[in-house]
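>
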Amino acid sequence: MLKFIKHNLEGIDGVEIYPIISLLLFFIVFVTMIVFVFKLPKGRIDEISQLPLDNDNNKEFNHE
Amino acid sequence: MEKEQFYYDNKIVKMFLWATILWGVVGMLVGLLVALLFVFPGLLEFAGADNAISWLSFGRLRPLHTNAVIFAFVGNGIFLGIYYSTQRLLKARMFNDVLSRIHFWGWQAIIVAAAVTLPLGLTSSKEYAELEWPIDIMVVLIWVVFGINLIGTILKRRQRHIYVAIWFYIATLITIAVLYIFNNLEMPVSAFKSYSVYSGVQDALVQWWYGHNAVAFFLTTPVLGLMYYFVPKVANRPVYSYRLSIIHFWTLIFLYIWAGPHHLLYTALPEWAQNLGTVFSIMLIFPSWGGMINGLLTLRGAWDKVRENPVLKFFVVAITGYGMATFEGPMLSFKNLNAIGHYTDWIVGHVHIGALAWNGFMVAGIVYWLAEKLWKTPLYSKKLANTHFWLGTMGILFYAIPLYIAGFTQALMWKEFNPDGTLVYGNFLETVTEVIPMYAMRAIGGTLYLTGFVLLAINIIKTAKAGSTVEDELAEAAPLKKISGKRIAGEGWHTWLERRTVLFTILTTIAILIGGLVEIVPLILVKSNIPTIESVKPYTPLELEGRDIYIREGCNNCHSQMIRPFRSEVERYGEYSKAGEYVYDFPFLWGSRRTGPDVHRVGGKYNDNWHFNHMMDPRSTSPGSIMPRYSWLIKNDMNASNLESKMEGLVKLGVPYSPERISSAKQELLAQAKQVEENLRQDPEFVKNYGSSNIQNKEIVALIAYLQRLGTDIKANKTALK
Chain A
139 MLKFIKHNLE
149 GIDGVEIYPI
159 ISLLLFFIVF
169 VTMIVFVFKL
179 PKGRIDEISQ
189 LPLDNDNNKE
199 FNHE
Chain B
2 MEKEQFYYDN
12 KIVKMFLWAT
22 ILWGVVGMLV
32 GLLVALLFVF
42 PGLLEFAGAD
52 NAISWLSFGR
62 LRPLHTNAVI
72 FAFVGNGIFL
82 GIYYSTQRLL
92 KARMFNDVLS
102 RIHFWGWQAI
112 IVAAAVTLPL
122 GLTSSKEYAE
132 LEWPIDIMVV
142 LIWVVFGINL
152 IGTILKRRQR
162 HIYVAIWFYI
172 ATLITIAVLY
182 IFNNLEMPVS
192 AFKSYSVYSG
202 VQDALVQWWY
212 GHNAVAFFLT
222 TPVLGLMYYF
232 VPKVANRPVY
242 SYRLSIIHFW
252 TLIFLYIWAG
262 PHHLLYTALP
272 EWAQNLGTVF
282 SIMLIFPSWG
292 GMINGLLTLR
302 GAWDKVRENP
312 VLKFFVVAIT
322 GYGMATFEGP
332 MLSFKNLNAI
342 GHYTDWIVGH
352 VHIGALAWNG
362 FMVAGIVYWL
372 AEKLWKTPLY
382 SKKLANTHFW
392 LGTMGILFYA
402 IPLYIAGFTQ
412 ALMWKEFNPD
422 GTLVYGNFLE
432 TVTEVIPMYA
442 MRAIGGTLYL
452 TGFVLLAINI
462 IKTAKAGSTV
472 EDELAEAAPL
482 KKISGKRIAG
492 EGWHTWLERR
502 TVLFTILTTI
512 AILIGGLVEI
522 VPLILVKSNI
532 PTIESVKPYT
542 PLELEGRDIY
552 IREGCNNCHS
562 QMIRPFRSEV
572 ERYGEYSKAG
582 EYVYDFPFLW
592 GSRRTGPDVH
602 RVGGKYNDNW
612 HFNHMMDPRS
622 TSPGSIMPRY
632 SWLIKNDMNA
642 SNLESKMEGL
652 VKLGVPYSPE
662 RISSAKQELL
672 AQAKQVEENL
682 RQDPEFVKNY
692 GSSNIQNKEI
702 VALIAYLQRL
712 GTDIKANKTA
722 LK
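Here the protein sequences come in this chain order: A and B. Each residue of the first sequence is one higher than the one before, counting from 139 in our numbering. Each residue of the second sequence is one higher than the one before, counting from 2 in our numbering.
1) Residues of chain A with a CB under 8 angstroms from the CB of K234 of chain B: which are they?
2) Consult DSSP for M439 of chain B and reduce its assignment to one of helix, strand or coil.
3) Taking I186 of chain A as the query, report the chain B residues whose CB atoms sit under 8 angstroms from its CB, ordered along the chain.
4) Is the separation between the beta-carbon of Y8 of chain B and that of I83 of chain B shorter than 7 angstroms?
5) In terms of residue numbering, what span does the beta strand (DSSP E) encompassing E187 of chain B cover?
6) Suppose the cutoff is 6 angstroms on Cβ atoms and the five residues either side in sequence are ignored; what does the same chain contact list for H351 of chain B look like?
7) Note down the Cα distance separating S382 of chain B from Y577 of chain B, rounded to an integer number of angstroms.
8) Grab me the residues of N557 of chain B's own chain with a C-beta within less than 7 angstroms of its C-beta, minus the 5 sequence neighbours each way, in chain order.
9) Where does Y267 of chain B fall in DSSP's three states?
10) Are the C-beta atoms of W370 of chain B and some chain A residue less than 7 angstroms apart?
11) Starting from G342 of chain B, find everything on chain A with Cβ-Cβ shorter than 8 angstroms and list it in chain order.
12) Which chain A residues sit within Cβ distance under 8 angstroms of Y230 of chain B?
13) Of all the CB atoms in chain B, is at least one closer than 7 angstroms to the CB of I183 of chain A?
14) Quick one: residues in its chain with C-beta nearer than 7 angstroms to the C-beta of A467 of chain B, no 5 flanking neighbours on either side, listed in chain order?
15) Spatial neighbours of E474 of chain B within its chain, please: C-beta separation below 8 angstroms, excluding the five flanking residues on both sides.
16) According to DSSP, which residues form a beta bridge with K699 of chain B?
17) Pull out every residue of the stretch 161 to 173 of chain A whose Cβ sits closer than 8 angstroms to any Cβ of chain B, in chain order.
18) When the distance is taken between beta carbons, is Y211 of chain B closer than 7 angstroms to L256 of chain B?
19) For the alpha helix (DSSP H) containing E649 of chain B, list its first residue and its last residue.
20) According to DSSP, is Y229 of chain B helix, strand or coil?
21) Given a threshold of 16 other Cβ atoms within 10 Å of its Cβ, counted over all protein chains shown, does P624 of chain B qualify as buried or as exposed?
22) By the three-class DSSP mapping on this structure, what secondary structure does W494 of chain B have?
23) Just to confirm the assignment: which complete alpha helix (DSSP H) runs, minimum length 4, are found wholly within the stretch 445 to 514 of chain B?
24) Note down the Cα distance separating L313 of chain B from N52 of chain B, rounded to an integer number of angstroms.
25) Counting Cβ pairs, one atom from each stretch, are 3 or more of them under 8 angstroms apart for the stretch 144 to 154 of chain B and the stretch 85 to 102 of chain B?
26) Is the shortest distance between the beta-carbon of W56 of chain B and the beta-carbons of chain A less than 7 angstroms?
27) Using 8 angstroms as the cut-off, can you tell me whether the stretch 432 to 439 of chain B makes contact with the stretch 454 to 463 of chain B, which would need three or more C-beta pairs spanning the two stretches below that distance?
28) Using DSSP's beta-bridge definition, name the partner residues of Q6 of chain B.
29) Should the stretch 689 to 707 of chain B be called in touch with the stretch 668 to 680 of chain B, which here means at least 3 C-beta pairs below 8 angstroms?
30) For the beta strand (DSSP E) that Y164 of chain B lies in, which residues bound it at each end?
31) What first and last residue would you give for the beta strand (DSSP E) that runs through Y323 of chain B?
32) Heavy atom of the ligand ADP less than 6 angstroms from the Cβ of I136 of chain B, yes or no?
33) On the DSSP letters alone, give me the boundaries of the alpha helix (DSSP H) that K384 of chain B sits inside.
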């Protein structure tokens, strides 16, 4: 539905800059993040992903 | 390090659990009721056909259903999971018990206020943001209480790293606050009436920026947080890929907020950017499908448990439903599919895959699992839970499949032409009666789903009765040692960020605000860019009152006011809608579903008597119609006591009513009402039945005046069109 009104946005002076900014921002953030995520040390990752399973609380009822 | 002893607050979790079950039953029951109205339009006319009950009409019950399911059922379900998992993940009791209680009771008070005001017709008409301004303020206050409580708990935690679930909770907290405030900016004109500060096109853009993101940040991100905690917990194995969850989180919050409306701008882009944009759209699948894959693969090597454990069954269907809905979403944004899907039942089917499968089943799984933990006893009946699972799954299929069929059938019928260029189904009603059997099947699907959920209620009540009544649970953990705020040797950047919670929250806020700004700035600029049409004038006082009755009765739930520039729509409804025609529409009333025909050009199409008879009994003018009767409009006196303050409010928003016009508004209203009555008296049938009553004082007159005005302005001066 909104596609029938978007031509109203096109008339705004310099509006093209918004999607370009957002695309570039996203690209930069996304790519940088992927690189960093894959450089994360394995040991720490394993430790953190155990957090929800960390059951030092044996008073909790456990049906398994 | 010395360990500290403390207690987890289980009482608050139980309170939210009971609220989830109660509102789940209520929300689904109202849903079933409105589904039945499609098949039996006279179902709720208890007091006889001529005495229809206003607060039981479809237009008022439908917002009650959507609000009850979204904010009451899923809302309480989210809080239930957040209050349980946050305490355990951070190894701390909630920040403050009083705040927890205020959050709980405040949220329930909001729900009760909504359940009373919506059937009374007190609504802003904006979908999923219908609540009027005093309740909006309550929502904001309670949200702040929740925020202080959550952030406070994070700050006093005994676990250095905040787990991915908590990130999603933080993102939900911040984004909902931003969205809710922006979309609900309104000008109060009386205790329970306000006008949106935006009008027409701008209002529509802001509303759907909100609508798209409310789905993202109320029905998706918090539930993903729950998924990241409860799925590993129940399967007793860590999440499939923690790396994927980092990518999942940041792309989701960074992308989602501007994803939908972002596409609005694409056509204005240079080619290289358009190409990049296509890649960008494809990448949108990353956050959602990455999350789905992460959830499902957590169960790798544990599929035998899925056969045994009803909780995991619920989770598997829920995550699959998430995958389906998030695949369908981008598909629906394709131009050609959108042309078919929009305004039809396809959309209703699509959102119910999200609500029934993803949200409903996720919550059900969590409730079953928590019942054992909270009452320290096995579930009353595993068999009953399995029965719920199968009834629910069948319910989802019986709900969604007929609506997909109905959607396609209706869309194709709307567009079918005879060789001579006329519409095959020129009468809109033919396209409604054709899909009634599908509506009946949908109601059966809803019944199955609700029955399953009632079994859950019984199961949990029985479990609670058999279980322990201990409210607080003892736990122990060492307090946090002070360590350097800087990254320490061997620590990854994100691992470091996970212990710097304030910085984390700030980064999250920046991520969503960038998206928000890129989106909002063009929306604010758009107002001055709507081509003005000289012949478009503000509504007369009587039409304004009529428009408010249209809003009160929720007509926009079934009738759109937006004719798309398709040959089939121009042929059926008349000239397609222009942006400049909506400049005085506070709020916009485009609607999102055509259960009935579009009404943007209904003005002048029928005479006043037709409208009068149609409102009194839609079946008398349109045999087979499923529209409710609006007999109270003929009995109720028009209440124009706020007329001047309404007009003054609109002047502040930019509507050019002169002070003289406002001071003589009542006379203007009376004169126009008299004219409508005179028109009605042209019909001898009318004189015979209603001749003795003073119809010019009744609400129906205002509504007729508004409907007769709709879409007529541009006819007055065609040359003014751009």
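Ideal placement from N, C-alpha and C gives every residue a C-beta, glycine not left out.
Taking the structure as given:
1) For the purposes of this step, residue 234 of chain B is taken as residue 233 along the second sequence, with counting starting at 1. When 8 angstroms is used as the limit between beta carbons, K234 of chain B is near these residues of chain A: P190 and L191, in chain order.
2) By 1-based counting over the second sequence, the position of residue 439 of chain B is 438. Helix.
3) For the purposes of this step, residue 186 of chain A is taken as the residue at position 48 of the first sequence. Residues of chain B with a Cβ closer than 8 angstroms to the Cβ of I186 of chain A are, in chain order, H162, Y164, Y243, T496 and E499.
4) On the second sequence, position 7 is the one that residue 8 of chain B refers to. On the second sequence, position 82 is the one that residue 83 of chain B refers to. Contact: no.
5) Residue numbering aside, residue 187 of chain B sits at position 186 when the second sequence is read from its first letter. From DSSP, the beta strand (DSSP E) with E187 of chain B extends over E187 to S191.
6) For the purposes of this step, residue 351 of chain B is taken as the residue at position 350 of the second sequence. Closer than 6 angstroms at Cβ, skipping near neighbours: E329.
7) Sequence index remark: in the second sequence, residue 382 of chain B carries index 381 (1-based). Sequence index remark: in the second sequence, residue 577 of chain B carries index 576 (1-based). Annotation: S382 of chain B to Y577 of chain B spans about 58 angstroms, alpha carbon to alpha carbon.
8) Stepping through the second sequence from its first residue, residue 557 of chain B is reached at position 556. Sequence-distant partners of N557 of chain B (beyond 5 residues in either direction) whose C-beta falls short of 7 angstroms from its own C-beta, in its chain, are S126, L590 and G592.
9) Translated into positions along the second sequence, residue 267 of chain B becomes position 266. Note on Y267 of chain B: pLDDT 47, under 50, position unreliable in the model; no value is reported.
10) Here the question's residue 370 of chain B lines up with position 369 in the second sequence. Using a CB distance cut-off of 7 angstroms, W370 of chain B does not count as an interface residue toward chain A.
11) Start at 1 with the first residue of the second sequence, and residue 342 of chain B comes out as number 341. What G342 of chain B touches in chain A: nothing, since even the nearest Cβ is about 11 angstroms away.
12) In the second sequence, counting from the first residue as 1, residue 230 of chain B sits at position 229. Within chain A, the residues near Y230 of chain B are P190.
13) Mapped onto the first sequence, residue 183 of chain A falls at position 45. Chain B contact via Cβ: present.
14) Residue numbering aside, residue 467 of chain B sits at position 466 when the second sequence is read from its first letter. The beta carbon of A467 of chain B sits closer than 7 angstroms to the beta carbons of T378 and Y381 from its chain, once the five residues preceding and following it are set aside; these are given in chain order.
15) As a position in the second sequence, residue 474 of chain B is number 473, starting the count at 1. Y8, Y9 and N11.
16) Residue 699 of chain B sits at position 698 when you count from the first residue of the second sequence. K699 of chain B pairs with B:D638.
17) The residues in question are L161, L163, F164, F165, V167, F168, M171 and I172.
18) Locating residue 256 of chain B in the second sequence gives position 255, counting from the first residue. Locating residue 211 of chain B in the second sequence gives position 210, counting from the first residue. Going by C-beta atoms, L256 of chain B is not nearer than 7 angstroms to Y211 of chain B.
19) The count along the second sequence starts at 1 and reaches residue 649 of chain B at position 648. Unbroken alpha helix (DSSP H) run through E649 of chain B: L644 to K653.
20) Residue numbering aside, residue 229 of chain B sits at position 228 when the second sequence is read from its first letter. Y229 of chain B falls in the helix class under three-state DSSP.
21) Position 623 of the second sequence, counted from the start, is the residue given in the question as residue 624 of chain B. By the neighbour-count rule (16 or more Cβ atoms within 10 Å), P624 of chain B is not buried but exposed.
22) Residue 494 of chain B sits at position 493 when you count from the first residue of the second sequence. Helix at W494 of chain B.
23) With a minimum length of 4 residues, the continuous alpha helix (DSSP H) runs that stay inside the stretch 445 to 514 of chain B are 494 to 498.
24) Stepping through the second sequence from its first residue, residue 313 of chain B is reached at position 312. Stepping through the second sequence from its first residue, residue 52 of chain B is reached at position 51. The C-alpha of L313 of chain B lies about 50 angstroms from the C-alpha of N52 of chain B.
25) In this structure the stretch 144 to 154 of chain B touches the stretch 85 to 102 of chain B; the number of beta carbon pairs closer than 8 angstroms is three or more.
26) Position 55 of the second sequence, counted from the first residue, corresponds to residue 56 of chain B. Taking 7 angstroms as the threshold, the shortest C-beta distance from W56 of chain B to chain A does not fall below it.
27) Too few Cβ pairs lie closer than 8 angstroms, so no.
28) Along the second sequence, one-based indexing puts residue 6 of chain B at 5. B:E477.
29) Enough Cβ pairs lie closer than 8 angstroms, so yes.
30) The sequence position of residue 164 of chain B within the second sequence is 163, counting from 1. Per DSSP, Y164 of chain B belongs to no beta strand (DSSP E) and is neither H nor E.
31) Within the second sequence, the letter at position 322 stands for residue 323 of chain B. In the DSSP assignment, Y323 of chain B falls outside any beta strand (DSSP E) and lies within the alpha helix (DSSP H) extending over P311 to L333.
32) This structure lacks the ligand ADP, and indeed carries no ligand of any kind.
33) Along the second sequence, read from residue 1 onward, the residue named residue 384 of chain B stands at position 383. For K384 of chain B, the enclosing alpha helix (DSSP H) begins and ends at K383 to K416.
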